[in-house]
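Structure record follows, encoded as structure tokens.
In the numbering used here, the protein residues as written are 22 to 145.
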């Protein structure tokens, strides 16, 4: 079970997610990990997905307040791939500072090709 002892911010609430994945086909969208509300539009979640073949998305937040990291072209189908996501516990996240709060590695290398942020909930 994924549980946190903190309130969602601060170094005492840091966390990481690590997984090995061997995708068998290029897919338009495949959830690899999802934790959170049952409605992404109104409830927050942590999501890791494969999309458009060899691409990976890590998304944290809800439908309007979120930060998303895209790993483009570095997820090989038919081979084992290691994904590591880390969160430092920082209490403010934006498109520029988010890179410091989150780490996103695919096969040991920086997995961040693009960063997207939305909403007032992750600015400052």
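All C-beta atoms, glycine included, are put in the ideal place defined by N, C-alpha and C.
Please go through the same chain and pick out, in chain order, the residues whose beta-carbon is closer than 7 Å to the beta-carbon of residue i, but skip the five residues on each side of it.
| i | result |
| --- | --- |
| residue 153 | Since the displayed the chain opens at 22 and closes at 145, residue 153 lies outside it and no answer follows. |
| residue 22 | In this prediction, residue 22 scores a pLDDT of 47, lower than 50, which makes its location untrustworthy; the coordinate-derived value is nonetheless stated afterwards. Result list for residue 22: empty, nothing under 7 Å. |
| residue 50 | 70 and 72 |
Taking residue i as the reference, which of the options has the closest Cα?
| i | options | result |
| --- | --- | --- |
| residue 65 | 52, 71, 82 and 59 | 82 |
| residue 46 | 74, 54 and 39 | 74 |
| residue 39 | 133, 54 and 99 | 54 |
Considering only residues of the same chain and omitting the five flanking positions on each side of residue i, which have a CB-CB separation below 6 Å?
| i | result |
| --- | --- |
| residue 95 | 127 |
| residue 109 | 35 and 122 |
| residue 137 | 89 |
From the DSSP output, in three-state form, read off residue i for me.
| i | result |
| --- | --- |
| residue 111 | coil |
| residue 104 | strand |
| residue 52 | strand |
| residue 138 | strand |
| residue 35 | coil |
Quick check: what's the CA-CA separation for residue i versus residue j?
| i | j | result |
| --- | --- | --- |
| residue 52 | residue 80 | 11 Å |
| residue 129 | residue 59 | 31 Å |
| residue 106 | residue 72 | 17 Å |
| residue 125 | residue 135 | 11 Å |
| residue 37 | residue 44 | 21 Å |
| residue 133 | residue 87 | 16 Å |
| residue 42 | residue 97 | 10 Å |
| residue 169 | residue 131 | In the structure as shown, the chain starts at 22 and stops at 145, and residue 169 therefore has no counterpart that could be examined. |
| residue 93 | residue 111 | 25 Å |
CB residue i to CB residue j, shorter than 8 Å?
| i | j | result |
| --- | --- | --- |
| residue 102 | residue 91 | no |
Leaving out the 5 sequence neighbours to the left and right, which residues in its chain are closer than 8 Å to residue i when beta-carbon positions are compared?
| i | result |
| --- | --- |
| residue 57 | 64, 65, 66, 67 and 68 |
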